[in-house]
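**Student:** Before I ask anything, here is the structure I am working with.
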Amino acid sequence: MKEANSDSYGFYQLWLKSLQEGQDQVLKATAQGMQNSREAWKQWLDATMSTWQKTAEMGTDPLGLTSQWLKMMEAIQEKLLAGGTVPSDPFTFLKEWYDAISESWSSIVEHIIASEQFLDFNKQFLESYASFSRAFRRANEEYLRILQLPSRSDVSHVSELIVALEEKFDRLDERFEDVDAVLAQTAKREAIEGVEQRLATAESSLNQSIESVEGNIKHIESQLTRAISGVGAQISDVQVRLKHIESQAGTIAPELESRLATVEGKLDGLQEQAGQFRVIQDLAHRLEQVEGKLDAILTKFAKLEAYEPDGHSEAKARAPHKPQRKKASQTEAVGQPAEAGS
Amino acid sequence: MAIEHSTVAFSDIESTLKKLKAGMQIVLDGAKADTGQTPKEVIWTKNKAQLYHYLSPVKKRFPAPILLIYALINRSYVLDLMPGNSLVEYLVNRGFDVYMLDWGIPGDEDKDLTFENYVLDYIARAVKKVLKNSQADELTLFGFCMGGTMCAMYAALFPGKPLKNLILLTAPIDFTEQNMGLYGVFTSEKHFDPGVLVDLYGNVPGELVDTGNRLVRPITNYVGTYVTMWDRIMHDKPMETWLAMNKWVNDGVPFAGATFKQWIREFYQQNKLVKGEIMLRGRRVDLSNITCPVLDIAGTKDHICTLPQAEAIMRLISSQDKEFYVLNAGHVGLLTGADAKKNLWPKIESWLEPRSI
């Protein structure tokens, strides 16, 4: 009953059993003579793991720890025995052992602490511990109050008041700094005197500048006056010449008018001649049409005469030779240019 | 098969015992190291917070100062870890005017501090103090981890002058559960109520926050760290960086209760920041208001702020000049160490130089 309560999962029994088996293996090896260290470690691992294997097979593995531990030990065995030598220096061996197991060990532990069971257990433990501690603290506070001794909460209350006081000083300090900053921006006596001096210097230089500008303006005025008077003289000269041109234009105008009238008369004559020329052209065109028709009639007469029996060759012989008629338009046109030019 | 001859001088029992003693002392008493050694002066304090101005041995080359803002978890001296391994020292020696806001260690009286206080009171006033002290009109805000998230919120509420540049180093912005790995599982509404811890403790103890962080990689953090330690001690490898880092990792500070509740509920569980639903004293935090140049840095092996979490801000801001820079390193590894000196620090310097004039 006592054993069941202290070792409900049987872990201690397993551990003691594995130690015993390991010890037996070592004694056996010692009796047979010195074996190399590699064989010794291998036998130790085999002895340890066989126990765990049996446990896992029996199914007593409430949290899955045994099977995970077994996997880890198998991985360690592989890594440790894969190396050529096993260091006998314990600290070097410790480092190599840690390097071999840390990864697998980490994954197992992280898996456990991230599991729902662990987190729920942790939460419940925290809440129960908190409620117990709260009750304990209240009891202590009450006890110290009865003994008229200050408790931790009394001291922290005084500290709170001091911190609040410091906060007020801090705010005052900040206000003073703000005022200081504003005051620093206001001008001091020396600064004002300096500014006054600079203003006086600036004023005198401004006055000098104004005087020189005034002088320049006067000079420019005189030059402008001279320029304006010169321009006035030129303008009057231009006016005189314009008047002369006007008078000359007045004398030339009547002569131009008479000559224009003459030209107009001639142009009118030309127009009339042109009109006549047009009439003559129409007549010539009509004459040409009449000539054409006459030629057609004559041609038909000739054909008719040619078809008379026994006399067609005589008809040919008798057909009058038609003289080429000059066109009336050609005759008149030759005569016209001479008349138009006079 | 021959037994390998040991590299540890077992014949020298005394030397081995000394090393064992040194190792056990570290395990039992904790790592001791001189950290945060770059010369500085405190120019302003508010409650537990201190504003440091780092004193430069070289002439200041850039008028725009840098204000470093760290997270509310662990101490800020990780940015000035140790001589020869300090981002602050590097920037100061390059002629930058560097300031840092150290949050200090919250007491019980600070349990009601919220992001409103941190962003609108502490950071806002620190900005004014920096500008006054450096006689500058503009500054660069540089946030690491949660400090980057707070800087992004400040930049969204106060865009324009005096904010000249914004640098975010592994700053989580998007808290979509699928992108957060184990953090998403630990902080889900179904499994975790932050109110329980806050009602119990007031301020959440640093050890509890540290445990939560370590459980994301338990074997590495609880076993691997000390395996590395013994390996370094026994094989006479340098220990200074390991000691400084171990000191910092174990130097957790309490997390102000009200802020912790806000952080878990409004960020991790409800993902309000990317949705534009975070309200600070009635003002909506809209990341699209950010228009200044932004350099966003993340690590591929970072399991505290994953790549998607950090990258999300790039599609939300309105800045024309923005860059997403990725390193093959973890959350703290990309800030300190040999790779940081070769990659991250020169990158920050080259990005800041033309933008700090």
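Read top to bottom, the protein sequences are chains A and B. Counting in the working numbering, the final residue of the first sequence is number 322, and the numbers go up one at a time with none missing. Counting in the working numbering, the final residue of the second sequence is number 415, and the numbers go up one at a time with none missing. Ideal Cβ placement from N, Cα and C applies to all residues, glycine included. Since we're looking at a predicted model, the values are computed, not measured.
Which residue from B/GLU381, B/ARG119, B/VAL116, B/LEU197 puts its Cα closest to that of B/LEU125?
**Tutor:** Looking at the Cα atoms, B/LEU197 is the closest of the given residues.
**Student:** Given a cut-off of 7 Å on the beta-carbon distance, is the pair B/PHE250 and B/LEU130 in contact?
**Tutor:** It is not a contact, given that the beta carbons lie outside the stated cut-off.
**Student:** Determine, for A/ALA95, whether the minimum Cβ-Cβ distance to residues of chain B falls below 7 Å.
**Tutor:** For the sequence presented, residue 95 of chain A should be read as Ser rather than Ala. Chain B, which has no Cβ nearer than 7 Å to the Cβ of A/SER95, makes this no.
**Student:** Looking only at its chain, what residues have a beta carbon closer than 6 Å to the beta carbon of B/VAL136, apart from the 5 residues adjacent to it on each side?
**Tutor:** Here the set comprises TRP306.
**Student:** Under 7 Å between the Cβ atoms of B/LEU113 and B/ALA184?
**Tutor:** In this structure, B/ALA184 does not lie closer than 7 Å to B/LEU113 by Cβ.
**Student:** Figure out for me which residue from B/LEU266, B/ALA210, B/ASP179 has the closest Cα to the Cα of A/LYS148.
**Tutor:** Considering only alpha carbons, the answer is B/ASP179.
**Student:** Buried or exposed for B/PRO230, going by 16 or more other Cβ atoms inside 10 Å?
**Tutor:** Buried, since its Cβ has 16 or more Cβ neighbours within 10 Å.
**Student:** Tell me B/ARG342's beta-bridge partners as DSSP assigns them.
**Tutor:** Beta-bridge pairing links B/ARG342 to B/MET337.
**Student:** With a threshold of 6 Å, establish whether the CB of A/ALA55 neighbours any heavy atom of the ligand SAM.
**Tutor:** Absence of the ligand SAM is noted for the structure shown, with no ligands found whatsoever.
**Student:** With a threshold of 16 other CB atoms inside 10 Å of the CB of B/ARG275, please say whether the residue is buried or exposed.
**Tutor:** So B/ARG275 counts as buried.
**Student:** Roughly how far, in whole angstroms, is the beta-carbon of A/ALA94 from the beta-carbon of B/VAL281, given that I think they are within contact range, below 8 Å?
**Tutor:** That pair is no contact at about 18 Å.
**Student:** What first and last residue would you give for the alpha helix (DSSP H) that runs through A/ASP153?
**Tutor:** Residues 132 to 165.
**Student:** Kindly list the residues whose CB is nearer than 7 Å to the CB of B/MET204, restricted to its own chain and excluding five residues on each side of it in sequence; keep chain order.
**Tutor:** Cβ neighbours of B/MET204 beyond the five flanking positions: ALA129, LEU130, ILE131.
**Student:** Would you say the region 137 to 156 of chain B touches the region 84 to 104 of chain B, given that touching needs at least three Cβ pairs under 8 Å?
**Tutor:** Yes: at least three Cβ pairs fall under 8 Å.
**Student:** To the nearest angstrom, report how far apart B/ARG413 and B/LEU221 are at their CA atoms.
**Tutor:** Using only the alpha carbons, I get a separation of about 12 Å.
**Student:** By DSSP, does B/TYR280 sit in helix, in strand, or in coil?
**Tutor:** Looking at B/TYR280 - three-state DSSP - the assignment turns out to be helix.
**Student:** Any residues in the region 70 to 87 of chain A with a beta carbon nearer than 7 Å to a beta carbon of chain B? Which ones, in chain order?
**Tutor:** Listed by position, the residues of the region 70 to 87 of chain A near chain B (Cβ gap below 7 Å) are PHE71, THR72, LEU74, LYS75, TYR78, SER82, TRP85, SER86.
**Student:** In chain B, which residues lie with their C-beta within 7 Å of the C-beta of A/VAL143?
**Tutor:** ASN105, GLU167, listed in chain order.
**Student:** Using beta-carbon positions only, say whether B/ILE277 and A/SER82 come within less than 7 Å of one another.
**Tutor:** In this structure, A/SER82 lies closer than 7 Å to B/ILE277 by Cβ.
**Student:** What are the residues of the region 129 to 141 of chain A that lie near chain E, defined by any Cβ-Cβ distance shorter than 9 Å?
**Tutor:** Protein chains A and B are contained in the structure displayed, whereas chain E is not.
**Student:** How many angstroms separate the CA atom of B/GLU298 from the CA atom of A/SER111?
**Tutor:** Straight-line Cα distance between these residues: approximately 43 Å.
**Student:** Can you find a CB in chain A that lies within less than 7 Å of the CB of B/VAL254?
**Tutor:** So, interface residue.
**Student:** Counting only beta-carbon separations shorter than 7 Å, does B/TRP288 have a partner in chain A?
**Tutor:** Cβ-Cβ to chain A under 7 Å: yes for B/TRP288.
**Student:** Does the separation of the CB atoms of B/ALA356 and B/ALA368 fall below 7 Å?
**Tutor:** In this structure, B/ALA368 lies closer than 7 Å to B/ALA356 by Cβ.
**Student:** Do A/SER86 and B/GLU167 have their C-beta atoms within less than 7 Å of each other?
**Tutor:** Taking 7 Å as the Cβ cut-off, A/SER86 and B/GLU167 do not qualify as a contacting pair.
**Student:** With DSSP collapsed to three states, give me the class of A/HIS199.
**Tutor:** Note: A/HIS199 maps to helix in three-state DSSP.
**Student:** Under 8 Å between beta-carbons, which chain B residues line up against A/ALA110? List them in chain order, please.
**Tutor:** Those within 8 Å of A/ALA110 in chain B are VAL254, LEU255, ASP257, LEU258.
**Student:** Just to confirm my understanding: we take B/PRO296, look at its own chain, exclude 5 residues before and 5 after, and list those with CB closer than 8 Å. What are they?
**Tutor:** So the qualifying residues of the chain are ARG290.
**Student:** Name the residue from A/VAL135, A/GLN256, A/GLN57 whose alpha carbon lies nearest to the alpha carbon of A/ALA80.
**Tutor:** Cα-wise, what sits closest to A/ALA80 is A/GLN57.
**Student:** Opposite B/ASN223 in the DSSP bridges: which residues?
**Tutor:** Bridge partners of B/ASN223: B/THR198.
**Student:** Check the DSSP bridge columns for B/MET140 and list the partner residues they point to.
**Tutor:** B/ASN143, per the DSSP bridge assignment.
**Student:** State the Cα-Cα distance for the pair B/THR74 and A/PHE71, rounded to the nearest angstrom.
**Tutor:** Going from the Cα of B/THR74 to the Cα of A/PHE71 covers about 11 Å.
**Student:** Return the chain-ordered list of same chain residues with a C-beta closer than 7 Å to the C-beta of B/HIS111, the five sequence neighbours on each side being excluded.
**Tutor:** Closer than 7 Å at the Cβ level, and outside the excluded window around B/HIS111, lie LYS98, GLU99, ILE101, TYR157, ASN191.
**Student:** B/ARG249 versus chain A: which residues are under 9 Å apart at the beta carbon?
**Tutor:** A quick correction: the sequence has His, not Arg, at residue 249 of chain B. Within 9 Å Cβ-Cβ: GLU96, LEU99, ASP100, ASN102, LYS103.
**Student:** Could you compute how far the alpha carbon of A/ASP26 sits from the alpha carbon of B/ALA80?
**Tutor:** Cα-Cα distance, rounded: 36 Å.
**Student:** To the nearest angstrom, how far is it from the Cα of B/LYS117 to the Cα of A/LEU163?
**Tutor:** Using only the alpha carbons, I get a separation of about 31 Å.
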